[in-house]
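J.:
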Amino acid sequence: MDKIFRIMFVCTGNTCRSPMAEGAMKVLLEKEELNNKYEVISSGTSAATGFPATLYAIEAAKIWDADISGHKSQGLTSELLDSSDLIFAMTPSHYTEILRLRKDVAGKTYLFKNFPDQSAEGEGLSDPIGQELSVYNETFLEIGEYLGKYLEEIVKRINEY
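Per the numbering used here, residue 1 is the first one in the sequence shown, and the count goes up by one each step.
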């Protein structure tokens with residue numbers, strides 16, 4: 001079996017930002033001819049296991065026809081970090097938490113808004129939890145804008161894997 005390139009998005013509760021990013025990334029990658037050489041997952045630094053994405057996150061993801069209605073939250077683990085090839089931290093604090101758990105994944109971990117720059121300094125992606133649907137929509141569109149910019153580099157990494 002061919003090796004699978006795994007992309008992971010990390011936020012806090014794994015019910016808003018990271019599932020939306022996971023859904024958006026899947027939509028973008030499905031349009032590429034990658035022959036299922038990738039997997040996209042998400043997790044949270046303080047996530048309980050088995051919770052769905054928030055209703056507004058599910059609704060916002062529909063902007064791109066991304067279906068995250070079946071999402072179940074999972075906590076960030078050393079095993080998930082080890083098995084991931086590209087890790088996106090939604091904020092500097094998530095980045096710090098990832099490296100606290102596993103310093104050896106620094107080379108494949110990026111602050112979401114900085115990719116492909118390895119700097120952990122900078123702006124995080126705001127958490128829409130508890131906000132109106134319009135804020136979730138804005139967050140999803142912002143995620144999509146960044147992923148659109150990153151797509152060529154991500155596809156290159158998948159193809160080189």
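Cβ coordinates follow ideal geometry from the N, Cα and C atoms, glycine included.
Thr173: buried (16+ other C-beta within 10 angstroms of its C-beta) or exposed?
T.: This structure cannot settle anything about residue 173, because the visible part of the chain is limited to 1 through 161.
J.: When the Cα atoms are used, what is the spatial distance from Asp85 to Gly130?
T.: Going from the Cα of Asp85 to the Cα of Gly130 covers about 31 Å.
J.: To the nearest angstrom, report how far apart Gly124 and Trp64 are at their CA atoms.
T.: For Gly124 and Trp64, the distance between alpha carbons rounds to 22 Å.
J.: How many angstroms separate the CA atom of Ala53 from the CA atom of Asn159?
T.: Looking at the two C-alpha atoms, the distance is approximately 30 Å.
J.: Under 8 Å: do the segment 136 to 151 and the segment 55 to 62 share three or more Cβ pairs, one atom per stretch?
T.: Result yes; three or more Cβ-Cβ pairs closer than 8 Å.
J.: Pull up the DSSP beta-bridge partners for Ile87, would you.
T.: The partner list for Ile87 (beta bridge, DSSP) reads Met8, Thr109.
J.: Leaving out five residues on either side along the sequence, give the residues of the same chain with a beta carbon under 8 Å from the beta carbon of Glu39.
T.: Around Glu39: Ile4, Phe5, Arg6, Ile7.
J.: Would you tell me roughly how many angstroms separate the C-alpha atoms of Gly107 and Pro92, rounded to the nearest one?
T.: If you take the alpha carbons of Gly107 and Pro92, they lie about 15 Å apart.
J.: What does a CB cutoff of less than 7 Å around Tyr150 pick up in its chain, not counting 5 residues either side in sequence?
T.: Phe115.
J.: In chain order, what residues of the same chain have a beta carbon less than 8 Å from the beta carbon of Lys113, not counting five sequence neighbours either side?
T.: Excluding sequence neighbours, Lys113 sits near Gly122, Glu123, Gly124, Leu125, Tyr146.
J.: Helix, strand or coil, according to DSSP, for Ser119 in the structure here?
T.: DSSP places Ser119 in coil when its eight states are reduced to three.
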